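The block underneath contains the structure these notes are about, expressed in structure tokens.
Protein chains: 2
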Amino acid sequence: MALIVQKYGGTSVADPERMRAVADHVARTRRRGDDVVLVVSAMGSETDELLHLASQVSRRPPGRELDMLITAGDRKAAALVAMALADVGVDAVSFTGSQSGFITDTTHRNAKILEVRGDRLRAALAAGRVPVVGGAQGVSHETHDVTFLGRGGSDTTAVALAATLQADACELYTDVSGIFTADPRIVPDARRLQRLSFDELLEMTATGCPKPAMRAVEFARNHHVPLHIRSSFTWEPGTWATEEDPTMEQAIISAVTHDTSEAKVTVAGVPDKPGVAGQLFRALAERDVNVDMIVQNVSLEGTTDISFTVPREDLDAALEVSEALRPEVGASGVTADPDIARVSVVGAGMKTHPGVAATMFETLAAAGINIEMISTSAIRISCVVRGEAVDEAVQALHRAFELDRVVTS
Amino acid sequence: MALIVQKYGGTSVADPERMRAVADHVARTRRRGDDVVLVVSAMGSETDELLHLASQVSRRPPGRELDMLITAGDRKAAALVAMALADVGVDAVSFTGSQSGFITDTTHRNAKILEVRGDRLRAALAAGRVPVVGGAQGVSHETHDVTFLGRGGSDTTAVALAATLQADACELYTDVSGIFTADPRIVPDARRLQRLSFDELLEMTATGCPKPAMRAVEFARNHHVPLHIRSSFTWEPGTWATEEDPTMEQAIISAVTHDTSEAKVTVAGVPDKPGVAGQLFRALAERDVNVDMIVQNVSLEGTTDISFTVPREDLDAALEVSEALRPEVGASGVTADPDIARVSVVGAGMKTHPGVAATMFETLAAAGINIEMISTSAIRISCVVRGEAVDEAVQALHRAFELDRVVTS
Numbered sequence: 051m052a053l054i055v056q057k058y059g060g061t062s063v064a065d066p067e068r069m070r071a072v073a074d075h076v077a078r079t080r081r082r083g084d085d086v087v088l089v090v091s092a093m094g095s096e097t098d099e100l101l102h103l104a105s106q107v108s109r110r111p112p113g114r115e116l117d118m119l120i121t122a123g124d125r126k127a128a129a130l131v132a133m134a135l136a137d138v139g140v141d142a143v144s145f146t147g148s149q150s151g152f153i154t155d156t157t158h159r160n161a162k163i164l165e166v167r168g169d170r171l172r173a174a175l176a177a178g179r180v181p182v183v184g185g186a187q188g189v190s191h192e193t194h195d196v197t198f199l200g201r202g203g204s205d206t207t208a209v210a211l212a213a214t215l216q217a218d219a220c221e222l223y224t225d226v227s228g229i230f231t232a233d234p235r236i237v238p239d240a241r242r243l244q245r246l247s248f249d250e251l252l253e254m255t256a257t258g259c260p261k262p263a264m265r266a267v268e269f270a271r272n273h274h275v276p277l278h279i280r281s282s283f284t285w286e287p288g289t290w291a292t293e294e295d296p297t298m299e300q301a302i303i304s305a306v307t308h309d310t311s312e313a314k315v316t317v318a319g320v321p322d323k324p325g326v327a328g329q330l331f332r333a334l335a336e337r338d339v340n341v342d343m344i345v346q347n348v349s350l351e352g353t354t355d356i357s358f359t360v361p362r363e364d365l366d367a368a369l370e371v372s373e374a375l376r377p378e379v380g381a382s383g384v385t386a387d388p389d390i391a392r393v394s395v396v397g398a399g400m401k402t403h404p405g406v407a408a409t410m411f412e413t414l415a416a417a418g419i420n421i422e423m424i425s426t427s428a429i430r431i432s433c434v435v436r437g438e439a440v441d442e443a444v445q446a447l448h449r450a451f452e453l454d455r456v457v458t459s
Numbered sequence: 051m052a053l054i055v056q057k058y059g060g061t062s063v064a065d066p067e068r069m070r071a072v073a074d075h076v077a078r079t080r081r082r083g084d085d086v087v088l089v090v091s092a093m094g095s096e097t098d099e100l101l102h103l104a105s106q107v108s109r110r111p112p113g114r115e116l117d118m119l120i121t122a123g124d125r126k127a128a129a130l131v132a133m134a135l136a137d138v139g140v141d142a143v144s145f146t147g148s149q150s151g152f153i154t155d156t157t158h159r160n161a162k163i164l165e166v167r168g169d170r171l172r173a174a175l176a177a178g179r180v181p182v183v184g185g186a187q188g189v190s191h192e193t194h195d196v197t198f199l200g201r202g203g204s205d206t207t208a209v210a211l212a213a214t215l216q217a218d219a220c221e222l223y224t225d226v227s228g229i230f231t232a233d234p235r236i237v238p239d240a241r242r243l244q245r246l247s248f249d250e251l252l253e254m255t256a257t258g259c260p261k262p263a264m265r266a267v268e269f270a271r272n273h274h275v276p277l278h279i280r281s282s283f284t285w286e287p288g289t290w291a292t293e294e295d296p297t298m299e300q301a302i303i304s305a306v307t308h309d310t311s312e313a314k315v316t317v318a319g320v321p322d323k324p325g326v327a328g329q330l331f332r333a334l335a336e337r338d339v340n341v342d343m344i345v346q347n348v349s350l351e352g353t354t355d356i357s358f359t360v361p362r363e364d365l366d367a368a369l370e371v372s373e374a375l376r377p378e379v380g381a382s383g384v385t386a387d388p389d390i391a392r393v394s395v396v397g398a399g400m401k402t403h404p405g406v407a408a409t410m411f412e413t414l415a416a417a418g419i420n421i422e423m424i425s426t427s428a429i430r431i432s433c434v435v436r437g438e439a440v441d442e443a444v445q446a447l448h449r450a451f452e453l454d455r456v457v458t459s
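Top to bottom, those sequences are chains A and B.
Going by the working numbering, the final residue of the first sequence carries number 459, and the count climbs one at a time with no gaps.
Going by the working numbering, the final residue of the second sequence carries number 459, and the count climbs one at a time with no gaps.
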């Protein structure tokens, strides 16, 4: 008998019909002999609707009140799913974040989990009941206020519960059937992966794969919680993310990801002396600008260009900060480019297979796509290209690395 | 400087515009120098919408889950109103029932308040903030579950808070401008009362006056909390309910009320011996049938007819219980009449003015309206009449007792 944490996202509980389908699936899981803990998100687009309401009553809603508001949506969904379960004969009980023991800091809208006290959930499980936990919520440790874990926080709730309760697996139910070798909207023959490593999934979510939430994947990796990303519409098995299995032959490249949400800033002609980059990125951090890629090229003339990418909505702030620092650091100019895209190849096998970078660059060159920035990690290579070239880049790379071919393992 | 508890019902916080109007009014109250504690209900018809959702996922939703669901609505409204207050420069902080210290029993859907721990609210007030409390909710004392105080529970929340915090007054804001001498939809020249006693208001709410919730009036009377029922649309002063002031000359009759939500059951030809009525009403109580009026006429033949009224939705259950008992108690028959109405006159002055009953009966007779049942209290006389006669009965009584004339006091 296993203990499974099942998380259902907003589309999986969007209306009463979907909730009843979830209840049937949980009943099936229980009949198989497994114990289940559920985590549910707010119904459909309710979180957005609540935020819209907030914007109608306040020009700058306080974070504490936004958290109180938003978490009402997940709580409502939890109560309804518990009712749907009762209706199919499964003894269920809903819990708020506070009731399920999520103690957080006081960073409203993006609270960090400090501790998970699983006592009430363990007691419910011992009594043969199915706990249904409202996702993405907790209670702050000193002020006892309601806190929200942020967008995608229900994934984090589920993984944290799986770790606390030492569950055998954490199933993340969503509206796609797993993790694909590329976005199927761009690459029609993209293949669903049966399995990948935490590190690979982490790199993928960091470079444009929209689900699951990166923070949850990081938590799963650190706490060794096997993740199963799967569909609540087909109920078929999806993609497992687990620790790397050294005995298994690895695919060199697992997937091609892309991200079109960023913009590029270049601070040009910076004197090549220590401290300049530190000064710039400290100032950006203080304005809460979320810097992603950073590339610096030293030129022969003793000056350097520093380029970095930021979420497009942070571009104005990034430009302001950079312009303000320009005289001080002696840069010759600051330019912005909102029309970029990043395309990445991710694969654990890359570590033992040289030549992946070369293949990537050759492939893009053969397609006539210019590379503007490059950054790499041990299992990922990313290139910044023109925005309009992104689909072609993804398709060409998917072909070049033969990702449409089924790998037997 | 006074401390005022202000309760805003669903229509008063139905949309962002109404919430902003509430925020402006609270800001005005604060500028006047008063401290304020707010209690808010769920927006508009949200409670009904949540119940409808529940009925779509479950044929018989568990009470605990319904409470978890319904209270999310009031909590959401509290967060939004707190934001609206912040937006007009009022430092506000929302609280759930649990956070504001409402400890209840575990009777889900209709929980009783056991204790109100006002510590967090007192601390917020001492810090110069306006607490905004989600209405009609608490936490159960042993199981720590979320509980719902029932329909109209926000009134009770407000009065209980006013008692706990020793507030100077409890203002109940609603979509009518106060308590009227009769329903203005039936009697166009019905007059708003400036003031009435708790006992009068209690009798009125017991006999068809829809607001405020009877339970809240009872609580206010027992804890000496002055109530002010007023409009959140005009913001004009409304009706005060206070303890009876013996120095004041009382109107004989304050208002005519009516209730068309009940049905009548008659158990006829019952042998007139002790214990029969006890047997019948015990059995009805065990089926949770809410019996209102009871009238028994002893006949000369040693048998008696017992008639009683129940909410129309309880009629089937009441008939079942009565029919089942009929052979046992030796009754000759059970009849149901769903088409009745009750019309009542209420007034504290009645105690010292004989002849009110006579005037009432004469007035109805003159209008050709037959009286089917009569019941009285010290300050109320109620008559059951045909359903179709109710408007005419109310109009005739309002005229007969000259309630359209302004009383100078």
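Every residue gets a Cβ at the ideal spot worked out from N, C-alpha and C, and that includes glycine.
If you're wondering where the values come from, they're calculated on a predicted model, not measured in any experiment.
Residue ranges of each alpha helix (DSSP H) run of no fewer than 4 residues wholly in the region 305-358 of chain B, ordered along the chain? 326-336
For a test of the three-state rule: what should DSSP assign to Lys401/B, helix, strand or coil? What you label residue 401/B is simply residue 351 of the second sequence in a count that begins at 1. Note: Lys401/B maps to helix in three-state DSSP.
Residue from His278/A, Gly352/A, Glu438/A and Val393/A whose Cα sits closest to the Cα of Thr426/A: Counting from one through the first sequence, the residue named residue 426/A turns up at place 376. Measuring from the Cα of Thr426/A, the nearest candidate turns out to be Val393/A.
Interface residues of the region 281-293 of chain B facing chain A [CB-CB below 7 angstroms]: none
Arg430/A and Val406/A - do their beta-carbons sit closer together than 7 angstroms? Locating residue 406/A in the first sequence gives position 356, where the first residue counts as 1. Locating residue 430/A in the first sequence gives position 380, where the first residue counts as 1. Not closer than 7 angstroms, so no.
Can you list, in chain order, the residues of its chain with a C-beta nearer than 7 angstroms to that of Gly437/A? Leave out the 5 residues immediately preceding and following it. Taking the first residue of the first sequence as 1, we reach residue 437/A at position 387. Around Gly437/A: Thr310, Asp389, Ile390 and Ala391.
What number of angstroms, rounded off, separates the C-alpha of Glu221/B from the C-alpha of Ser372/A? Residue mapping note: residue 221/B aligns to position 171 of the second sequence, counting from 1. Residue mapping note: residue 372/A aligns to position 322 of the first sequence, counting from 1. In a straight line, the C-alpha of Glu221/B is about 55 angstroms away from that of Ser372/A.
Contact check, Val435/A vs Ala443/A, beta carbons under 7 angstroms: Counting from one through the first sequence, the residue named residue 435/A turns up at place 385. Counting from one through the first sequence, the residue named residue 443/A turns up at place 393. For Val435/A and Ala443/A, yes; Cβs fall inside 7 angstroms.
Taking the alpha carbon of Gly83/B as the reference point, which residue from Arg68/B, His191/B, Glu99/B and Val180/B has its own alpha carbon closest? Reading the second sequence from its first residue, position 33 is the one you call residue 83/B. The option with the nearest alpha carbon to Gly83/B is Val180/B.
Near-chain A residues of the region 63-96 of chain B (beta-carbon distance less than 7 angstroms), N- to C-terminal order: Pro66, Met69 and Arg70
Taking the alpha-carbon of Val55/B as reference, which of Gly188/B, Thr121/B, Asp218/B and Ala71/B has the nearest alpha-carbon? Counting from one through the second sequence, the residue named residue 55/B turns up at place 5. Checking every option, the nearest Cα to that of Val55/B belongs to Asp218/B.
Going by DSSP in three states, Ala266/A sits in which element: helix, strand or coil? Start at 1 with the first residue of the first sequence, and residue 266/A comes out as number 216. Helix, per DSSP.
Going by DSSP, name the residue or residues bridged to Arg436/A. Locating residue 436/A in the first sequence gives position 386, where the first residue counts as 1. Per DSSP, Ile390/A.
Classify Gln3/A as helix, strand or coil using the three-state DSSP reduction. Residue coverage of chain A in this structure runs from 51 to 459, which leaves residue 3/A outside it and unanswerable.
What residue does the beta strand (DSSP E) around Gln187/B start on, and which one ends it? Here residue 187/B refers to the residue found at position 137 of the second sequence. Gln187/B -> beta strand (DSSP E) spans Gln187 to Ser190.
Is there contact between the region 116-135 of chain B and the region 160-180 of chain A, where contact requires at least three CB pairs shorter than 8 angstroms? no
Out of curiosity, what's the CA-to-CA distance linking Val86/A and Ala132/A? Numbered from 1 along the first sequence, position 36 holds the residue referred to as residue 86/A. Numbered from 1 along the first sequence, position 82 holds the residue referred to as residue 132/A. Distance between the alpha carbons of Val86/A and Ala132/A: 12 angstroms.
Ala428/B, buried or exposed, once every other Cβ within 10 Å from all chains shown has been counted against 16: Your numbering for residue 428/B matches position 378 in the second sequence. Looking at its Cβ environment, which holds fewer than 16 other Cβ atoms inside 10 Å, Ala428/B is exposed.
If contact is defined by three or more beta carbon pairs under 8 angstroms, each pair taking one atom from either stretch, is the region 366-381 of chain B in contact with the region 331-341 of chain B? yes
Applying the 10 Å Cβ sphere with the 16-neighbour rule, what's the burial state of Leu215/B? Residue 215/B sits at position 165 when you count from the first residue of the second sequence. Looking at its Cβ environment, which holds 16 or more other Cβ atoms inside 10 Å, Leu215/B is buried.
For Val182/A, the three-state DSSP class (helix, strand or coil): Reading the first sequence from its first residue, position 132 is the one you call residue 182/A. The answer is strand: DSSP assigns Val182/A an E or B state.
C-beta contact flag for Gly228/B and Thr292/B at 7 angstroms: The residue labelled residue 228/B in the question sits at position 178 within the second sequence. The residue labelled residue 292/B in the question sits at position 242 within the second sequence. No; because the gap between Cβ atoms is not below 7 angstroms, this pair is not in contact.
Which full runs of the beta strand (DSSP E) of 3+ residues lie inside the region 112-139 of chain B, going along the chain? none
Assign Phe451/B to one of three DSSP states: helix, strand, or coil. Here the question's residue 451/B lines up with position 401 in the second sequence. Three-state result, Phe451/B: coil.
Inter-residue CB distance, Gly352/B and Pro324/B (contact presumed, cutoff 8 angstroms): To locate residue 352/B, count along the second sequence from 1; it is residue 302. To locate residue 324/B, count along the second sequence from 1; it is residue 274. Incorrect: roughly 13 angstroms between the Cβ atoms, too far for contact.
Leu103/B touches chain A at which residues, Cβ-Cβ below 7 angstroms? Indexing the second sequence from 1 puts residue 103/B at position 53. Those within 7 angstroms of Leu103/B in chain A are Pro66 and Leu130.
Assign Pro262/B to one of two classes, buried (16 or more other C-beta atoms within 10 Å of its C-beta) or exposed (fewer than that). Start at 1 with the first residue of the second sequence, and residue 262/B comes out as number 212. Under this definition Pro262/B is a buried residue.
Is there a Cβ of chain A sitting closer than 7 angstroms to that of Lys126/B, yes or no? Here the question's residue 126/B lines up with position 76 in the second sequence. At least one chain A Cβ lies under 7 angstroms of Lys126/B.
Where do the ends of the alpha helix (DSSP H) carrying Val76/B lie? The sequence position of residue 76/B within the second sequence is 26, counting from 1. Pro66 to Arg81 is the extent of the alpha helix (DSSP H) around Val76/B.
Could you check if Ser382/B is buried or exposed, using at least 16 other CB atoms within 10 Å of its CB as the buried criterion? Mapped onto the second sequence, residue 382/B falls at position 332. The residue in question, Ser382/B, is exposed, as its Cβ has fewer than 16 Cβ neighbours within 10 Å.
Can you tell me the Cα-Cα spacing of Ala210/B and Ala176/B, whole angstroms? As a first step, residue 210/B must be located in the second sequence, where it is residue number 160. As a first step, residue 176/B must be located in the second sequence, where it is residue number 126. Computed Cα separation, rounded: 19 angstroms.
Distance check for Ala213/B and Ala71/B, CA to CA, integer angstroms please. Working through the second sequence from its first residue, we reach residue 71/B at position 21. Working through the second sequence from its first residue, we reach residue 213/B at position 163. C-alpha separation (whole angstroms): 26 angstroms.
Consider the Cβ of Ala173/A: report whether some Cβ of chain B lies at a distance smaller than 7 angstroms. Numbered from 1 along the first sequence, position 123 holds the residue referred to as residue 173/A. Judged by the 7 angstroms Cβ criterion, Ala173/A is not in contact with chain B.
Members of the region 426-445 of chain A near chain B, C-beta cut-off 8 angstroms: none
Tell me the rounded alpha-carbon separation between Ser357/A and Met423/A. Position 307 of the first sequence, counted from the start, is the residue given in the question as residue 357/A. Position 373 of the first sequence, counted from the start, is the residue given in the question as residue 423/A. Cα to Cα, Ser357/A sits roughly 8 angstroms from Met423/A.
Contacts of Ser144/A in chain B (Cβ-Cβ under 7 angstroms): As a working note, residue 144/A is residue 94 in the first sequence. The answer, in chain order, is Glu115 and Met118.
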